[in-house]
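Written below as structure tokens is the structure these notes are about.
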Amino acid sequence: MRRPLIAGNWKMNGDAAEADALFRALAAVRPGGADLVVCPPFTALAAAQQSLSDTCIQWGAQNVYPAASGAYTGEISPAMLTSLGCRWCICGHSERRQLLGETDDFIRRKVRAVLDAGMMPILCVGETADERRGGRTASVVQREVEEGLRDAAADEAARLVVAYEPVWAIGAGQAATAAEAQEVCGWIRECLFRLFGQDAASSARILYGGSVGQGNIADFLSEPDIDGALIGGASLRADEFISIYDTAKA
Ligand code: 13P
Numbered sequence: 009m010r011r012p013l014i015a016g017n018w019k020m021n022g023d024a025a026e027a028d029a030l031f032r033a034l035a036a037v038r039p040g041g042a043d044l045v046v047c048p049p050f051t052a053l054a055a056a057q058q059s060l061s062d063t064c065i066q067w068g069a070q071n072v073y074p075a076a077s078g079a080y081t082g083e084i085s086p087a088m089l090t091s092l093g094c095r096w097c098i099c100g101h102s103e104r105r106q107l108l109g110e111t112d113d114f115i116r117r118k119v120r121a122v123l124d125a126g127m128m129p130i131l132c133v134g135e136t137a138d139e140r141r142g143g144r145t146a147s148v149v150q151r152e153v154e155e156g157l158r159d160a161a162a163d164e165a166a167r168l169v170v171a172y173e174p175v176w177a178i179g180a181g182q183a184a185t186a187a188e189a190q191e192v193c194g195w196i197r198e199c200l201f202r203l204f205g206q207d208a209a210s211s212a213r214i215l216y217g218g219s220v221g222q223g224n225i226a227d228f229l230s231e232p233d234i235d236g237a238l239i240g241g242a243s244l245r246a247d248e249f250i251s252i253y254d255t256a257k258a
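Heads up: the sequence shown begins at 9 in the numbering used here, then just goes up one per residue.
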């Protein structure tokens, strides 16, 4: 049985005061049979460690640079993240693929670096509206999963999370239907099976992301291959984020 996972991606939101307020509000959450993770900006990770250490909430980063240290101005290493208690790191979010030109190869190196540091990568994959209209959803998602996980091993699968985030549903207020999301998440699990075998495919968690809120989370969670959600906008509203987590626990 896979444990449900609710992860919040704050993106570039939350200054120091806003992050503190949000952590304080989230700290009221009651633990249960699901994992809850927040990924604030780098600038709020030390505060996350301070505020959340005694709670059931885990925290992670939205990005990492795949090197141990050195002349990489502006970048953050895996060890810097683990030194702040990060257990998770988002890799290959579509905003970084599109706005910052991240390639499958670069993302593959990030996933490897995150695993090597003992953290859990959340590999984001998903097609654009054009790719969906052109019937290329399966091939795009399959390529992003295979390339992103090429250097991972079957015995690491329990630490792997793949988030299916159709680009057209992100921040759109209009999510994919649960059936649309399930179809693609099913392909992703088949892909994991081809890469790593049955045990790994059944232990890796697959999330849906894109306009998830308290109104639709239950629909996604009722699908067999959807183990949780990666949440943008609604993760900035403590009440809604906690209510989503409560649904996942139930
Ligand atoms: P929204 O929940 O705001 O659509 O964002 C989804 C997302 O990109 C999470 O990584």
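We treat Cβ as the ideally placed atom computed from N, Cα and C, and that holds for glycine.
Using a Cβ-based criterion (distance less than 7 Å to any ligand heavy atom), does residue i qualify as near ligand 1?
| i | result |
| --- | --- |
| Val220 | yes |
| Gly236 | no |
| Ala42 | no |
| Glu173 | yes |
| Ile196 | no |
| Ala242 | yes |
| Gly205 | no |
| Asn224 | no |
| Ile239 | yes |
| Ile178 | yes |
| Gly143 | no |
| Gly22 | no |
| Gly217 | yes |
| Asn71 | no |
How far does the alpha helix (DSSP H) with residue i in it reach, from first residue to last?
| i | result |
| --- | --- |
| Cys199 | 186-204 |
| Leu244 | Where Leu244 is concerned, there is no enclosing alpha helix (DSSP H), given that its DSSP letter is neither H nor E. |
| Arg104 | 102-107 |
| Pro86 | 86-90 |
| Val220 | Note, Val220: premise wrong, no alpha helix (DSSP H); not H, not E. |
| Ala55 | 53-60 |
Between which two residues does the beta strand (DSSP E) carrying residue i extend?
| i | result |
| --- | --- |
| Gln66 | 65-69 |
| Gly142 | Premise fails: Gly142 is in no beta strand (DSSP E) and is neither H nor E. |
| Arg1 | In the structure displayed, the chain extends from 9 to 258; residue 1 sits before or after that span and is not available. |
| Ile214 | 213-217 |
| Ile178 | Segment: none, Ile178 is in no beta strand (DSSP E) and carries neither H nor E. |
| Leu300 | Summary: the structure shown does not reach residue 300, with the chain confined to residues 9 through 258, and so no result is reported for it. |
| Ile115 | Run containing Ile115: none in the beta strand (DSSP E); it sits in the alpha helix (DSSP H), 112-124. |
| Met128 | 128-133 |
| Gly93 | It is not in any beta strand (DSSP E) - Gly93 carries neither H nor E in the DSSP assignment. |
With a threshold of 7 Å (Cβ to nearest heavy atom), would residue i be considered close to ligand 2?
| i | result |
| --- | --- |
| Glu152 | Among the ligands in the structure shown, ligand 2 does not appear; only ligand 1 can be found there. |
Count the other CB atoms, across all protein chains shown, that sit within 10 Å of the CB of residue i; report buried if there are 16 or more and exposed otherwise.
| i | result |
| --- | --- |
| Ser243 | buried |
| Gly41 | exposed |
| Pro129 | buried |
| Met127 | buried |
| Ser102 | buried |
| Gly134 | buried |
| Gly181 | exposed |
| Gln206 | exposed |
| Ala270 | Here the chain covers residues 9 to 258 and nothing more, so residue 270 does not appear. |
| Leu108 | exposed |
| Gln190 | buried |
| Asp235 | buried |
Quick check: is the beta carbon of residue i nearer than 8 Å to any beta carbon in chain D?
| i | result |
| --- | --- |
| Ile252 | Absent from the structure is chain D; it holds one protein chain and no more. |
Assess contact between the segment 31-39 and the segment 215-224, defined as three or more Cβ pairs (one per stretch) separated by less than 8 Å. Is contact present? no
Would you check if there are 3 or more beta carbon pairs closer than 8 Å linking the segment 203-210 to the segment 11-20? Here the segment 203-210 does not lie against the segment 11-20, with fewer than 3 beta-carbon pairs under 8 Å apart.
If contact is defined by three or more beta carbon pairs under 8 Å, each pair taking one atom from either stretch, is the segment 161-168 in contact with the segment 226-238? no
contact_flag[the segment 43-59, the segment 72-83] where n(CB pairs < 8 Å) is 3 or more: no
Would you call the segment 139-150 and the segment 90-102 touching, i.e. three or more CB-CB distances under 8 Å? No, because fewer than three Cβ pairs between the segment 139-150 and the segment 90-102 fall closer than 8 Å, the two stretches do not touch.
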